[in-house]
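Each remark here refers to the structure printed beneath this line.
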Amino acid sequence: MSSNARDSNLANLVIRAARETPHAIAVDAPDGQLSYAELDDQAARLAGALSAAGVEVGDRVALWLAKSTRAVVAMQAALRLGAVYVPIDPDSPGARARKIIVDCDARCLVTDPGRSSPLRAEDPAITSIGSDDPGAIAYEDALATDPLNEPRALDPERLAYILYTSGSTGTPKGVSLSHRAALAFVHWAHETLAASPDDHFSSHAPFHFDLSILDLYVAFSARARVCLIPEGLAYAPRQLVEFIRKHGITVWYSVPSALIMMMEHGGLLELDEPPSRVVFAGEPFPIKHLRRLRARFSSVRLLNFYGPTETNVCTFHEVLDIDPSRVSPVPIGRACCGDEAWAVTAEGARARVGESGELMVRGPTTMTGYWGHPPLGDRAHATGDIVRVVEDGVYEYLGRRDHMVKVRGMRIEIGEIESALLEHPALRHVAVVVVGTGLAARLVAFVCADTRVSLIGVKGHCAQRLPRYMVIDEVRTVDALPRTGNGKIDRRLLTQLATKHEDEHDTDERD
Amino acid sequence: MNATEVNQALEGFITEKLLHGDGADLTLQTPLLEYGIVDSLAMVSLLTFVQNSFGVTIPDGEVSPRNFKTIEALSALIMRVHGEASNGA
Chain C
96 MSSNARDSNL ANLVIRAARE TPHAIAVDAP DGQLSYAELD DQAARLAGAL
146 SAAGVEVGDR VALWLAKSTR AVVAMQAALR LGAVYVPIDP DSPGARARKI
196 IVDCDARCLV TDPGRSSPLR AEDPAITSIG SDDPGAIAYE DALATDPLNE
246 PRALDPERLA YILYTSGSTG TPKGVSLSHR AALAFVHWAH ETLAASPDDH
296 FSSHAPFHFD LSILDLYVAF SARARVCLIP EGLAYAPRQL VEFIRKHGIT
346 VWYSVPSALI MMMEHGGLLE LDEPPSRVVF AGEPFPIKHL RRLRARFSSV
396 RLLNFYGPTE TNVCTFHEVL DIDPSRVSPV PIGRACCGDE AWAVTAEGAR
446 ARVGESGELM VRGPTTMTGY WGHPPLGDRA HATGDIVRVV EDGVYEYLGR
496 RDHMVKVRGM RIEIGEIESA LLEHPALRHV AVVVVGTGLA ARLVAFVCAD
546 TRVSLIGVKG HCAQRLPRYM VIDEVRTVDA LPRTGNGKID RRLLTQLATK
596 HEDEHDTDER D
Chain D
26 MNATEVNQAL EGFITEKLLH GDGADLTLQT PLLEYGIVDS LAMVSLLTFV
76 QNSFGVTIPD GEVSPRNFKT IEALSALIMR VHGEASNGA
């Protein structure tokens with residue numbers, strides 16, 4: 096790898112590619128294609144516009160817009176200035192977008208036409224680019240600004256982006272990551288995947304989800320192409336398989352749920368030319384489905400990546416032959432990217448082979464800290480994930496130690512949903528549990544209500560406050576929430592009740 | 026087959042299979058995607074239901090958020106695809 100690639104600013108990947116292969120396609124998106132030269136030019140111009148609007152090193156630039164060339168240009172523009180981009184789920188309601196913009200104290204918001212600023216009159220005013228708001232800078236005008244060609248030379252410890260994840264107290268939590276952390280992962284993934292300029296990367300994950308870091312920056316690092324899958328198609332199995340065929344995708348990266356859906360309903364396994372590398376992360380891949388994928392795609396490299404947003408990918412396992420007697424998911428594997436990983440038992444000792452404990456991670460890919468909280472420093476990040484030590488340095492995922500759950504790889508803090516539900520005037524007590532796993536995972540709310548509430552009414556209430564994947568699926572009204580001996584809500588019993596209900600109904604084809 | 030029948034059938038299916046029987050407040054304009062009533066999995070079962078009940082196959086190109094955002098939108102799509110198929114026959 097050239098010494099240039101070790102440059103401290105993540106934005107240099109595109110600048111270098113634009114110099115070496117200006118005409119190669121960098122981004123293929125629903126709103127058009129950009130060559131590296133075009134991406135470089137647009138990013139330089141938008142950086143000029145941001146700079147003219149007063150955005151400086153370290154300022155936050157919120158991005159609340161659909162997956163598009165515009166979103167990629169905006170990220171590149173922010174990075175060049177040494178500003179920190181903050182991607183917000185474009186499907187999130189305005190109330191949640193506002194919470195994030197206010198929490199990170201953004202200087203500027205880049206958004207789509209048709210959206211207006213989610214801020215209220217009492218919030219600090221910010222520059223708006225691309226919205227319909229009066230006073231907003233039109234995106235086309237921003238792109239007509241004189242380019243700011245030289246990216247800021249930066250201390251690599253400076254933040255590159257903040258990814259907000261669900262927070263247990265009702266406010267999303269901003270995981271703050273530096274240029275150093277991003278590049279440590281990108282260099283490792285580039286080598287591990289043997290990425291080349293001929294590669295076409297899929298971009299399945301939304302930009303506020305950390306899987307997108309691989310899709311975008313490993314592609315840019317390799318001077319390859321990244322093909323953006325619009326939000327609406329992310330779980331449409333046949334269109335996804337057609338997308339792979341049409342775009343000649345060679346590197347696929349997604350949560351296992353998407354792959355399983357494509358296998359079951361999209362004809363993935365019938366592809367004549369599947370991607371040569373299929374990477375998955377975010378949740379365990381049920382072994383029966385992975386086994387089919389392994390058997391059918393015998394010459395495809397299959398890689399299981401593991402890591403919470405706080406560490407990006409910190410362990411990985413390449414799936415070779417799967418033992419026919421295996422019943423549990425494949426391991427999450429060994430530490431990578433220069434990170435150290437170890438497990439600590441309930442007694443506080445380092446777990447030995449055969450023992451289980453909480454996975455701890457320290458190293459170059461870990462976050463700087465949560466936005467607005469003290470930095471992590473040299474301390475290890477406690478993942479909250481319980482793992483078993485399979486052999487020395489090799490781990491198998493067992494489950495969570497807290498109320499965080501995953502639905503299709505998206506992190507959900509039950510507390511954030513419960514806080515949102517309690518804002519409903521008719522709800523006095525609530526407890527939310529998850530029933531099922533992977534594709535079949537569903538959120539069931541047990542509520543004590545003053546007046547009858549309809550499921551649609553509660554869903555509508557959630558939809559104004561939470562991203563779509565956190566909207567509850569079912570409401571069950573109870574007189575009182577069951578408590579354990581020490582007065583805590585008996586979530587185990589509630590989960591059993593919800594599961595039993597599920598079995599009785601046995602309604603669907605969700606197996 | 027008319028729009029009212031299609032609407033009723035869709036309401037019935039959504040209430041029974043996607044809302045666990047609690048169809049109170051469900052209207053033709055309820056935002057199905059925004060409220061998380063129809064997700065990707067539900068879309069697959071909805072497509073199967075539409076195929077079995079009306080003999081209408083929704084082309085892949087029409088499976089988009091725009092066409093699934095409300096019962097009204099989906100119903101209009103079904104009527105349109107049905108009409109095109111009959112005219113073509």
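So the protein lines, in turn, are chains C and D.
96 is the number of the first residue of the first sequence in our numbering; add one for each residue after it.
26 is the number of the first residue of the second sequence in our numbering; add one for each residue after it.
For each residue, glycine too, the CB sits at the ideal point set by N, CA and C.
Rounding to the nearest angstrom, what Cα-Cα distance links C:PHE380 and C:ASN104 in this structure? Start at 1 with the first residue of the first sequence, and residue 380 of chain C comes out as number 285. Start at 1 with the first residue of the first sequence, and residue 104 of chain C comes out as number 9. Each residue's CA atom was taken as its position, placing C:PHE380 and C:ASN104 some 34 Å apart.
Give the straight-line distance between the Cα atoms of C:LEU204 and C:GLU378, rounded to the nearest whole angstrom. Here residue 204 of chain C is taken as the residue at index 109 of the first sequence, counted from 1. Here residue 378 of chain C is taken as the residue at index 283 of the first sequence, counted from 1. Each residue's alpha carbon lies about 32 Å from the other.
Pairs of beta-carbons, one from the segment 427–439 of chain C and one from the segment 240–252 of chain C, closer than 8 Å: are there three or more? In short, these stretches do not touch, since the Cβ pair count stays below three.
Going by beta-carbon coordinates alone, are C:VAL526 and C:ARG586 separated by less than 9 Å? Numbered from its first residue, the first sequence carries residue 526 of chain C at position 431. Numbered from its first residue, the first sequence carries residue 586 of chain C at position 491. Strictly speaking, residue 526 of chain C in this sequence is Ala, with Val absent from that position. Contact flag set, yes.
Using a Cβ-Cβ cutoff of 7 Å, what residues of the segment 534–562 of chain C are near chain D? List them in chain order. Along the segment 534–562 of chain C, the positions whose C-beta sits under 7 Å from a C-beta of chain D are LEU534, SER549, LEU550, ILE551, GLY552, LYS554, GLY555 and ALA558, read in chain order.
Label C:GLU405 either buried or exposed according to how many other C-beta atoms from any shown protein chain fall within 10 Å of its C-beta, with 16 as the threshold for buried. Start at 1 with the first residue of the first sequence, and residue 405 of chain C comes out as number 310. Buried, because 16 or more other Cβ atoms sit within 10 Å of the Cβ of C:GLU405.
Cβ neighbour criterion (16 or more within 10 Å) applied to C:GLN559: Translated into the one-based positions of the first sequence, residue 559 of chain C becomes position 464. Label assigned to C:GLN559: exposed.
Can you check the segment 251–313 of chain C for any beta strand (DSSP E) of at least 3 residues that lies completely inside it and give the ranges in chain order? Every beta strand (DSSP E) of 3 residues or more that sits fully in the segment 251–313 of chain C is shown, in chain order, as 254–260, 268–273 and 295–298.
Within-9 Å CB hit, D:VAL69 to chain C: Counting from 1 along the second sequence, the entry for residue 69 of chain D is found at position 44. Output row for D:VAL69: interface = yes.
CB-CB under 6 Å to D:PHE38, same chain, minus the five flanking residues each way: which ones, in chain order? Against the second sequence, residue 38 of chain D aligns to sequence position 13. Result list for D:PHE38: PHE74, in chain order.
Whole-angstrom distance between C:SER298 and D:ASN27, CA atom to CA atom: Stepping through the second sequence from its first residue, residue 27 of chain D is reached at position 2. Stepping through the first sequence from its first residue, residue 298 of chain C is reached at position 203. Cα to Cα, D:ASN27 sits roughly 41 Å from C:SER298.
Does the distance from the C-beta atom of C:SER451 to that of C:VAL489 stay below 9 Å? Counting from one through the first sequence, the residue named residue 451 of chain C turns up at place 356. Counting from one through the first sequence, the residue named residue 489 of chain C turns up at place 394. No, the pair does not count as a contact, with Cβ atoms beyond the cut-off.
Output, in chain order, the set of chain C residues within a Cβ distance shorter than 8 Å of D:VAL106. As a first step, residue 106 of chain D must be located in the second sequence, where it is residue number 81. Ordered by position in chain C, no residue passes the 8 Å Cβ test against D:VAL106, which lies about 16 Å from the chain.
Take C:PRO369 and list the residues in its own chain whose beta-carbon comes closer than 6 Å to its own, dropping the five residues that flank it on each side. Taking the first sequence and counting its residues from 1, one reaches residue 369 of chain C at position 274. Answer for C:PRO369: PHE392 and VAL395, listed in chain order.
Tell me whether D:THR40 sits in a helix, a strand or coil according to DSSP, three-state version. Within the second sequence, residue 40 of chain D is the residue found at index 15, counting from 1. In the structure shown, D:THR40 sits in a helix (DSSP, three-state: H, G or I).
Quick check: C:ALA190 and C:PRO213, are their CB atoms within less than 9 Å of each other? Working through the first sequence from its first residue, we reach residue 190 of chain C at position 95. Working through the first sequence from its first residue, we reach residue 213 of chain C at position 118. A distance below 9 Å separates the beta carbons of C:ALA190 and C:PRO213.
9 Å Cβ cutoff, C:ILE567 in contact with chain D: Counted from its first residue, the first sequence places residue 567 of chain C at position 472. C:ILE567 counts as touching chain D.
Can you check whether the C-beta of D:THR95 is within less than 9 Å of a C-beta belonging to chain C? As a working mapping, residue 95 of chain D is identified with position 70 in the second sequence. Chain C, which has no Cβ nearer than 9 Å to the Cβ of D:THR95, makes this no.
From the DSSP output, in three-state form, read off D:HIS107 for me. Numbered from 1 along the second sequence, position 82 holds the residue referred to as residue 107 of chain D. Three-state DSSP puts D:HIS107 in a helix.
Within this structure, are the beta carbons of C:VAL156 and C:GLN137 separated by less than 9 Å? Position 61 of the first sequence holds residue 156 of chain C. Position 42 of the first sequence holds residue 137 of chain C. Against a cut-off of 9 Å, the Cβ pair of C:GLN137 and C:VAL156 comes out as no contact.
Quick one: which chain D residues come within Cβ less than 9 Å of C:SER210? If you number the first sequence from 1, residue 210 of chain C lands on position 115. Just to set this straight, residue 210 of chain C is Arg in the shown sequence, not Ser. Here the premise fails: no neighbours, minimum Cβ distance about 15 Å.
Could you give the first and the last residue of the continuous beta strand (DSSP E) run that contains C:LEU516? One-based indexing of the first sequence puts residue 516 of chain C at position 421. Run containing C:LEU516: none in the beta strand (DSSP E); it sits in the alpha helix (DSSP H), 509–517.
Residues near C:PRO577 by beta carbon distance below 8 Å, same chain, minus five either side: By 1-based counting over the first sequence, the position of residue 577 of chain C is 482. Contacts found: ILE584, ASP585, LEU588 and LEU589.
Relative to the C-alpha of C:ARG215, which residue among C:ARG547, C:THR594, C:ILE196 and C:ASP227 is closest? Here residue 215 of chain C refers to the residue found at position 120 of the first sequence. Nearest option by C-alpha distance: C:ILE196.
If we define contact as Cβ-Cβ less than 9 Å, is D:THR82 a contact residue for chain C? As a first step, residue 82 of chain D must be located in the second sequence, where it is residue number 57. With 9 Å as the cut-off, D:THR82 does not count as an interface residue toward chain C.
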